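Novice: The structure is given below, and queries will be raised subsequently.
There are 4 protein chains.
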Amino acid sequence: MKERRDGLCRIVLDCPDRRGVVSRVSTRLAELGATILDAHQHSDADSGHFFMRYEVAPDARFEDLEQWSVPYLQDGLSELTSELSLAMRVTSASRRPKVALLATKAPHCLVDVLQRWRSAELHCDIVCVIANHPEMGEYAGWYGVPFHHVDFTSQSKSRAFTEIESLLDKHHVELTVLARFMQIVPQALIDKHRGRMINIHHSFLPSFVGARPYDQAYKRGVKLIGATCHYVTADLDEGPIVEQEVIRVSHMDDPLDLRRKGRMCEREALARGLRLHLEDRVFIHGNKTVVFSE
Amino acid sequence: MKERRDGLCRIVLDCPDRRGVVSRVSTRLAELGATILDAHQHSDADSGHFFMRYEVAPDARFEDLEQWSVPYLQDGLSELTSELSLAMRVTSASRRPKVALLATKAPHCLVDVLQRWRSAELHCDIVCVIANHPEMGEYAGWYGVPFHHVDFTSQSKSRAFTEIESLLDKHHVELTVLARFMQIVPQALIDKHRGRMINIHHSFLPSFVGARPYDQAYKRGVKLIGATCHYVTADLDEGPIVEQEVIRVSHMDDPLDLRRKGRMCEREALARGLRLHLEDRVFIHGNKTVVFSE
Amino acid sequence: MKERRDGLCRIVLDCPDRRGVVSRVSTRLAELGATILDAHQHSDADSGHFFMRYEVAPDARFEDLEQWSVPYLQDGLSELTSELSLAMRVTSASRRPKVALLATKAPHCLVDVLQRWRSAELHCDIVCVIANHPEMGEYAGWYGVPFHHVDFTSQSKSRAFTEIESLLDKHHVELTVLARFMQIVPQALIDKHRGRMINIHHSFLPSFVGARPYDQAYKRGVKLIGATCHYVTADLDEGPIVEQEVIRVSHMDDPLDLRRKGRMCEREALARGLRLHLEDRVFIHGNKTVVFSE
Amino acid sequence: MKERRDGLCRIVLDCPDRRGVVSRVSTRLAELGATILDAHQHSDADSGHFFMRYEVAPDARFEDLEQWSVPYLQDGLSELTSELSLAMRVTSASRRPKVALLATKAPHCLVDVLQRWRSAELHCDIVCVIANHPEMGEYAGWYGVPFHHVDFTSQSKSRAFTEIESLLDKHHVELTVLARFMQIVPQALIDKHRGRMINIHHSFLPSFVGARPYDQAYKRGVKLIGATCHYVTADLDEGPIVEQEVIRVSHMDDPLDLRRKGRMCEREALARGLRLHLEDRVFIHGNKTVVFSE
Chain F
27 MKERRDGLCR
37 IVLDCPDRRG
47 VVSRVSTRLA
57 ELGATILDAH
67 QHSDADSGHF
77 FMRYEVAPDA
87 RFEDLEQWSV
97 PYLQDGLSEL
107 TSELSLAMRV
117 TSASRRPKVA
127 LLATKAPHCL
137 VDVLQRWRSA
147 ELHCDIVCVI
157 ANHPEMGEYA
167 GWYGVPFHHV
177 DFTSQSKSRA
187 FTEIESLLDK
197 HHVELTVLAR
207 FMQIVPQALI
217 DKHRGRMINI
227 HHSFLPSFVG
237 ARPYDQAYKR
247 GVKLIGATCH
257 YVTADLDEGP
267 IVEQEVIRVS
277 HMDDPLDLRR
287 KGRMCEREAL
297 ARGLRLHLED
307 RVFIHGNKTV
317 VFSE
Chain X
27 MKERRDGLCR
37 IVLDCPDRRG
47 VVSRVSTRLA
57 ELGATILDAH
67 QHSDADSGHF
77 FMRYEVAPDA
87 RFEDLEQWSV
97 PYLQDGLSEL
107 TSELSLAMRV
117 TSASRRPKVA
127 LLATKAPHCL
137 VDVLQRWRSA
147 ELHCDIVCVI
157 ANHPEMGEYA
167 GWYGVPFHHV
177 DFTSQSKSRA
187 FTEIESLLDK
197 HHVELTVLAR
207 FMQIVPQALI
217 DKHRGRMINI
227 HHSFLPSFVG
237 ARPYDQAYKR
247 GVKLIGATCH
257 YVTADLDEGP
267 IVEQEVIRVS
277 HMDDPLDLRR
287 KGRMCEREAL
297 ARGLRLHLED
307 RVFIHGNKTV
317 VFSE
Chain Y
27 MKERRDGLCR
37 IVLDCPDRRG
47 VVSRVSTRLA
57 ELGATILDAH
67 QHSDADSGHF
77 FMRYEVAPDA
87 RFEDLEQWSV
97 PYLQDGLSEL
107 TSELSLAMRV
117 TSASRRPKVA
127 LLATKAPHCL
137 VDVLQRWRSA
147 ELHCDIVCVI
157 ANHPEMGEYA
167 GWYGVPFHHV
177 DFTSQSKSRA
187 FTEIESLLDK
197 HHVELTVLAR
207 FMQIVPQALI
217 DKHRGRMINI
227 HHSFLPSFVG
237 ARPYDQAYKR
247 GVKLIGATCH
257 YVTADLDEGP
267 IVEQEVIRVS
277 HMDDPLDLRR
287 KGRMCEREAL
297 ARGLRLHLED
307 RVFIHGNKTV
317 VFSE
Chain H
27 MKERRDGLCR
37 IVLDCPDRRG
47 VVSRVSTRLA
57 ELGATILDAH
67 QHSDADSGHF
77 FMRYEVAPDA
87 RFEDLEQWSV
97 PYLQDGLSEL
107 TSELSLAMRV
117 TSASRRPKVA
127 LLATKAPHCL
137 VDVLQRWRSA
147 ELHCDIVCVI
157 ANHPEMGEYA
167 GWYGVPFHHV
177 DFTSQSKSRA
187 FTEIESLLDK
197 HHVELTVLAR
207 FMQIVPQALI
217 DKHRGRMINI
227 HHSFLPSFVG
237 ARPYDQAYKR
247 GVKLIGATCH
257 YVTADLDEGP
267 IVEQEVIRVS
277 HMDDPLDLRR
287 KGRMCEREAL
297 ARGLRLHLED
307 RVFIHGNKTV
317 VFSE
């Protein structure tokens, strides 16, 4: 909950080789008057790729906080960025990314995200709820979020997704959350939002890919079921995994019981994954993620 | 730990239709002077099949406990068994089934089972350890269990398994535990020991079937790994699951870390699964199990 | 989810000595045309007390289901009840107990229960929400539940609780859920609702009894925090425990983080405890519970 | 498993104020030719104290690895250490700290640590097993570890502990592990080994402090039990917690069942806590710990 400090910014970067990166970046930050409050780094042994996340705040010499800003840090680090070929991003912890929620008929994930958001547990602006069933509208309405029903029956899927794309554009959406949205997103839309579209899958991937995972789990007789929060990619159910959760089940649980118990996993995995993303704690690296947990 | 009562017996039965079964069996047991100490029953909704497990002890009228025995109960229930087409088994809780442990090179499951057995946590007689690597011999030796090294390099697999089969016969083995035994058991041997051969698989099935599951898990970037205790069947990794366990992992864990963390899951899932089997708490039903937990 | 069967009833009973009880009850049920679908029993070793729960349904001979009813079963079993000194209760699984939710300011448990109820996950009628802060009213309103604000500032506690008591009476409340209700309930009201008032405590009892458990947990530096669902008794935090849940925390979590993470435990423990109670799966035995899990 | 890299060293430091520390230290390390492979830092919000752990290795310019050593790093950083008032320690990851295991009668933790050690899961030298019961000797013997039986019956406690102290001295023990050692360690010995003596407590602290926690847990009717690995301090059961583990239990579990199930928690919490300590991942801060997890 480092958001509670004035001027808190996050610096996330990755690069192929990290020789001297920590030293160079931390020294430059000291020169810029930035105090490092929290630091994570990881080097992927296979690829040699390096990942780093800093939380920084202005140190005591910043009497006039107006000087301190994301552009100030970006400018101050820009020379280093090009010299060391860093992929770098600076964000303000007080900034609220614009989030769209996509849903179909099951409200549990939608309500959970909306309620956590309302309780200030998720630091973002939920700018719209989009659903292919009108019933979700009342939830959105109550939480004061614009609702858009996109009809998938009276028009082609392709047209429906064009409508969704326009809505995401119109609302300047930065993160799209598929909160049990039961439609396959077209490749072009995925590409456009690559790394900014997360899904909650109702199974413990890679178990039970494909349709009706709870029925598959029932049929197989597993003793634990789960849910997976992952980034959406072209290969369905193959996207980089952010978070997973499991719960114990038994022979007494029929498919409806599995659905009910699984909803806890779906809610938790999605809420945690979403929060991790919003706090710039997740790096996508190939089909995997580096997650700097709080 | 109901074993601690004198004369404790278990009655496990299943049948296609359970109309009146509880009433008939419990009434007959009352007539036989048996007190029901613990009872579980389950009706599978799909197949309509019925499963029941009773723990019974002689009631107060049994002044002479010698009258009380497994055959006494079997005889007393035999008429009912045939009348209601019950598959029934009566066992004495004090009886120790003969168990063989099969291993290859990794000792963690082997040692864990042996130590729990020595600590009286597992009620059985471990009559032999069989391994295709001689190193396991010292563990067996220390725990005072006969060890047999079956060589899989100097002879054909088929001959090696013939040797194993002879050993299982010779020791009158009632349950064979594959404690990280990395050889595929031939169909004929599986059939001979159907329902009496359990395996610990080092993944959270059905994820990562096949070879090197930890490497697969690493490659996929999952956030939880696990292990599965299941009965051995012809379809590799498809046998009825008895117990599963999972543990959280992260991007920091390389394949060796996953192996290390996974060993906890393997030990726990195997020990719990083994104990459940030994206490007659597991019914195999198709490719699934009914497990009456303690 | 056995509710899905027509005519499903539950028979729960307990008695000091269970000699022949299973046999007598199951035989009488067979005579009454009741099929036992699910059965649990437990004998407490210390006290020798016996507990039993049956789910029964009319068997095939009941062509006219109107004959089948709770009174029919009660009457049919009444002779046995008095003969064997059974404390027995028969309930219809289709009946919805009347539930009141009491809250203060934190909405997470309240919303979670309301949303699960709306999603048919909790089989009951939530007849009112009572709170000592008016903000909870909008949640109640949206879910269509009558809301009562009981003011604890402008009147004495004693008068406020008299008001609550009248509301519980007026709504014929059968189960009162303290969903993070931060007021100590007077002895007389507890006595009146003994065994029918459950609380969610925001710690893993008996750790951190008393006020501000999350601050206590932070100060002690524990690595897991939790929540406890228990029946309300005169001894605060000493009531019989129904369900508990825990979550891992670390040195990075400040008291606000603990509160956030703990909310998951509170929601889960309360929802599971509530469901267990509503399905007549919980027996209170002294300061402990017997819980026949689904 | 960063140990697998040649020359890997760990630098752990803490200091009251961390202004510029990261920058200064990382810059100095770059000058010394050290590459930072892994970094953790934490600032305690209450005390303002700062903690840091680096894993470093020689970078490419170290053609002659003999130059690289713990003293080389210590010397290179010494100026900084005094200038910034750092409490700093440099250790080689290849070095094996000397560990003593103390036990009484229950072998499960002892065997678990010994077997993990033998399997190279714990990077240390177990130099002796000390127990107040002779039965532990056979375990120590089999694992090839010197065993010392210290008799607590034929001599005073004080003399017995003098004997233990001599043994710890003689073996140059750096870490003492109380692996279910059921004797209260005298203040002086604790002081002498402050921060280098860890205990496994058979309850989920702070629940059930004092004697017979499993019996207390049984009496209270909790639904989860646990174990706690903590540093030994004068206040019994009040030492800084390193790791905790829990497992679900039910009304069916009698005190013996709780003991059995709890053993899993004890083994896991101790093994994880021990490993964290051996890898210099734990800082003691007042009565709490900062744990930089792998």
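Protein chains in written order, with the numbering used here: chain F, 27 to 320; chain X, 27 to 320; chain Y, 27 to 320; chain H, 27 to 320. Where a beta carbon is used, it is the ideal one built from N, C-alpha and C, also for glycine. Since this is a predicted model, take the numbers as computed values, not measurements.
(1) Smallest Cα separation from Ser184 of chain X: which of X:Phe207, X:Gln213 and X:Glu200?
(2) For the region 212-247 of chain Y, list the beta strand (DSSP E) runs that are entirely contained and at least 3 residues long, ordered along the chain.
(3) Tell me which same chain residues have a C-beta within less than 6 Å of the C-beta of Cys291 of chain F, skipping the five on either side of it?
(4) Determine, using beta carbons only, whether Ser95 of chain X comes closer than 8 Å to chain Y.
(5) Let me see if you follow: with CB-CB separation under 8 Å, is His228 of chain H close to chain X or not?
(6) Using the beta-carbon count (16 or more within 10 Å), is Glu29 of chain Y buried or exposed?
(7) Taking 8 Å as the CB-CB cut-off, is Tyr269 of chain F touching chain Y?
(8) Is the distance from the Cβ of Val308 of chain F to the Cβ of Val268 of chain F below 8 Å?
(9) Using 8 Å as the Cβ pair cut-off and three pairs as the minimum, do the region 204-224 of chain Y and the region 196-207 of chain H touch?
(10) Over the uninterrupted alpha helix (DSSP H) stretch that includes Val139 of chain F, give me the two end residues.
(11) Can you give me the C-alpha to C-alpha distance between Gly247 of chain X and Thr53 of chain X, rounded to a whole angstrom?
(12) Do we get a CB-CB distance below 8 Å when we pair Val82 of chain F with the residues of chain B?
(13) So, using beta-carbon positions, are Leu63 of chain H and Val82 of chain H closer together than 8 Å?
(14) From the DSSP output, read off the bridge partner residues of Met78 of chain H.
(15) Less than 8 Å between C-beta atoms, sequence neighbours within five positions excluded: which residues of the same chain meet that for Met27 of chain F?
(16) Using the beta-carbon of each residue, which ones in chain Y are nearer than 9 Å to Val48 of chain H?
(17) So which residues on chain F does Leu63 of chain H lean against when the C-beta distance must stay under 7 Å?
(18) Starting from the Cα of Tyr98 of chain Y, find the closest Cα among Y:His75, Y:Gly59, Y:Val125 and Y:His175 and give me that residue.
(19) Select from Y:Tyr240, Y:Arg50 and Y:Asn225 the residue whose C-alpha is nearest the C-alpha of Glu109 of chain Y.
(20) Is Ser233 of chain H near Pro239 of chain Y, with beta carbons less than 8 Å apart?
(21) Between the region 270-304 of chain Y and chain H, which residues of the former have a C-beta closer than 7 Å to a C-beta of the latter?
(22) If I measure Cβ to Cβ from Val211 of chain Y and keep anything under 8 Å in the same chain, skipping five residues before and after, which residues do I get?
(23) Taking the alpha helix (DSSP H) that Met114 of chain X belongs to, which residues open and close that run?
(24) Looking at Cys150 of chain H and Val125 of chain H, is the spacing between their C-beta atoms short of 8 Å?
(25) Name the chain Y residues whose beta carbon is nearer than 8 Å to that of Ser145 of chain F?
(26) Does the beta-carbon of Cys133 of chain F have 16 or more other beta-carbons within 10 angstroms, so that it is buried, or is it exposed?
(27) Counting contacts by CB-CB distance shorter than 8 Å, is Leu55 of chain Y in contact with chain X?
(28) Below 6 Å CB to CB, which residues in the same chain sit around Phe318 of chain H once its five sequence neighbours on both sides are set aside?
(29) Can you tell me where the alpha helix (DSSP H) holding Arg289 of chain F begins and where it ends?
(30) When DSSP labels each residue in this structure, what does Ala253 of chain H get in the three-state scheme?
(31) On the DSSP letters alone, give me the boundaries of the alpha helix (DSSP H) that Thr202 of chain F sits inside.
(32) Suppose contacts are defined by Cβ-Cβ distances below 8 Å. Is Leu148 of chain X in contact with Val139 of chain X by that definition?
(33) Who are the neighbours of Ser52 of chain H on chain F, taking C-beta pairs under 8 Å?
(34) Can you find the residues in the same chain that come closer than 7 Å, C-beta to C-beta, to His174 of chain Y, ignoring five residues on each side of it along the sequence?
(35) Indicate whether Glu320 of chain H and Met278 of chain X have their beta-carbon atoms separated by less than 8 Å.
(36) What three-state label does DSSP hand Glu320 of chain X in the structure shown?
Specialist: A quick look at the data gives this:
(1) Along the second sequence, one-based indexing puts residue 184 of chain X at 158. Comparing Cα-Cα distances from Ser184 of chain X to each of X:Phe207, X:Gln213 and X:Glu200, the minimum goes to X:Gln213.
(2) Runs of the beta strand (DSSP E) lying entirely within the region 212-247 of chain Y and spanning at least 3 residues, in chain order: 223-227.
(3) The residue you call residue 291 of chain F lines up with position 265 of the first sequence. For Cys291 of chain F, the CB contacts under 6 Å within the same chain, skipping 5 residues up- and downstream, are Gly252, Ala253, Glu271 and Ile273 in chain order.
(4) Your numbering for residue 95 of chain X matches position 69 in the second sequence. Ser95 of chain X does not count as touching chain Y.
(5) Residue numbering aside, residue 228 of chain H sits at position 202 when the fourth sequence is read from its first letter. Judged by the 8 Å Cβ criterion, His228 of chain H is not in contact with chain X.
(6) For the purposes of this step, residue 29 of chain Y is identified with residue 3 of the third sequence, where counting begins at 1. Interpretation of Glu29 of chain Y is limited by its pLDDT of 42, a score under 50 that renders its predicted location unreliable; no figure is taken from the coordinates.
(7) For the purposes of this step, residue 269 of chain F is taken as the residue at position 243 of the first sequence. The sequence as given places Glu at residue 269 of chain F; Tyr does not occur at that position. Judged by the 8 Å Cβ criterion, Glu269 of chain F is not in contact with chain Y.
(8) Here residue 308 of chain F refers to the residue found at position 282 of the first sequence. Here residue 268 of chain F refers to the residue found at position 242 of the first sequence. The answer is yes: Cβ separation under 8 Å.
(9) No: fewer than three Cβ pairs fall under 8 Å.
(10) Sequence index remark: in the first sequence, residue 139 of chain F carries index 113 (1-based). Here the alpha helix (DSSP H) through Val139 of chain F covers His134 to Arg144.
(11) For this step, residue 247 of chain X is matched to residue 221 along the second sequence. For this step, residue 53 of chain X is matched to residue 27 along the second sequence. The straight-line gap from Cα to Cα measures roughly 56 Å.
(12) Given the protein chain composition of this structure (F, X, Y and H), no chain B is represented.
(13) What you label residue 63 of chain H is simply residue 37 of the fourth sequence in a count that begins at 1. What you label residue 82 of chain H is simply residue 56 of the fourth sequence in a count that begins at 1. The Cβ atoms of Leu63 of chain H and Val82 of chain H lie closer than 8 Å to each other.
(14) Taking the first residue of the fourth sequence as position 1, residue 78 of chain H is located at position 52. Bridge partners of Met78 of chain H according to DSSP: H:Leu39 and H:Gln67.
(15) For the purposes of this step, residue 27 of chain F is taken as the residue at position 1 of the first sequence. Confidence is the limiting factor: at Met27 of chain F the pLDDT is only 37, short of 50, which leaves the residue's position unreliable, though a coordinate-based value still follows. Excluding the 5 residues flanking it on each side, Met27 of chain F has no same chain C-beta neighbour closer than 8 Å.
(16) On the fourth sequence, position 22 is the one that residue 48 of chain H refers to. Those within 9 Å of Val48 of chain H in chain Y number zero; the least Cβ separation is about 17 Å.
(17) The count along the fourth sequence starts at 1 and reaches residue 63 of chain H at position 37. Per Cβ cutoff of 7 Å: Ser69.
(18) In the third sequence, residue 98 of chain Y corresponds to position 72, counting from 1. If we check each option's Cα against that of Tyr98 of chain Y, Y:Gly59 comes out closest.
(19) Locating residue 109 of chain Y in the third sequence gives position 83, where the first residue counts as 1. Among Y:Tyr240, Y:Arg50 and Y:Asn225, the Cα nearest to that of Glu109 of chain Y is on Y:Arg50.
(20) Residue numbering aside, residue 233 of chain H sits at position 207 when the fourth sequence is read from its first letter. Residue numbering aside, residue 239 of chain Y sits at position 213 when the third sequence is read from its first letter. Contact check for Ser233 of chain H against Pro239 of chain Y fails: the beta carbons are separated by 8 Å or more.
(21) Flagged, chain order: Gln270, Val272, Ser276, His277, Met278 and Asp280.
(22) In the third sequence, counting from the first residue as 1, residue 211 of chain Y sits at position 185. Contacts found: Phe187, Leu204, Met223 and Val258.
(23) Within the second sequence, residue 114 of chain X is the residue found at index 88, counting from 1. First-last for Met114 of chain X: Ala113 to Ser118, but that is the beta strand (DSSP E), not the alpha helix (DSSP H).
(24) Translated into the one-based positions of the fourth sequence, residue 125 of chain H becomes position 99. Translated into the one-based positions of the fourth sequence, residue 150 of chain H becomes position 124. At a Cβ-Cβ threshold of 8 Å, Val125 of chain H and Cys150 of chain H count as neighbours.
(25) Taking the first residue of the first sequence as 1, we reach residue 145 of chain F at position 119. Neighbourhood of Ser145 of chain F in chain Y, by CB distance below 8 Å: Pro133 and His134, in chain order.
(26) Walking along the first sequence from the start, residue 133 of chain F turns up at place 107. The question names Cys, yet the displayed sequence has Pro at residue 133 of chain F. In this structure Pro133 of chain F is buried. Its beta-carbon is surrounded by 16 or more other beta-carbon atoms within 10 angstroms.
(27) Start at 1 with the first residue of the third sequence, and residue 55 of chain Y comes out as number 29. Closer than 8 Å to the CB of Leu55 of chain Y there is at least one CB belonging to chain X.
(28) Here residue 318 of chain H refers to the residue found at position 292 when the fourth sequence is read from its first residue. Shown here for Phe318 of chain H: same chain residues with a beta carbon closer than 6 Å to its own, the five before and five after excluded, namely His66, Arg79 and Arg307 in chain order.
(29) The residue you call residue 289 of chain F lines up with position 263 of the first sequence. Per DSSP, Arg289 of chain F belongs to the alpha helix (DSSP H) from Pro281 to Leu304.
(30) The count along the fourth sequence starts at 1 and reaches residue 253 of chain H at position 227. Ala253 of chain H carries a strand assignment under DSSP once its states are collapsed to helix, strand and coil.
(31) If you number the first sequence from 1, residue 202 of chain F lands on position 176. Thr202 of chain F -> not in any alpha helix (DSSP H); beta strand (DSSP E) instead, spanning Leu201 to Leu204.
(32) Locating residue 148 of chain X in the second sequence gives position 122, where the first residue counts as 1. Locating residue 139 of chain X in the second sequence gives position 113, where the first residue counts as 1. Against a cut-off of 8 Å, the Cβ pair of Val139 of chain X and Leu148 of chain X comes out as a contact.
(33) Position 26 of the fourth sequence, counted from the start, is the residue given in the question as residue 52 of chain H. Neighbours of Ser52 of chain H across chain F, judged by C-beta separation under 8 Å: Val48, Ser49, Ser52 and Thr53.
(34) Numbered from 1 along the third sequence, position 148 holds the residue referred to as residue 174 of chain Y. So the list reads Cys154, Ile156 and Leu193, once near-sequence residues are dropped.
(35) Position 294 of the fourth sequence, counted from the first residue, corresponds to residue 320 of chain H. Position 252 of the second sequence, counted from the first residue, corresponds to residue 278 of chain X. Yes, the Cβ-Cβ distance between Glu320 of chain H and Met278 of chain X is below 8 Å.
(36) Working through the second sequence from its first residue, we reach residue 320 of chain X at position 294. Coil, per DSSP.
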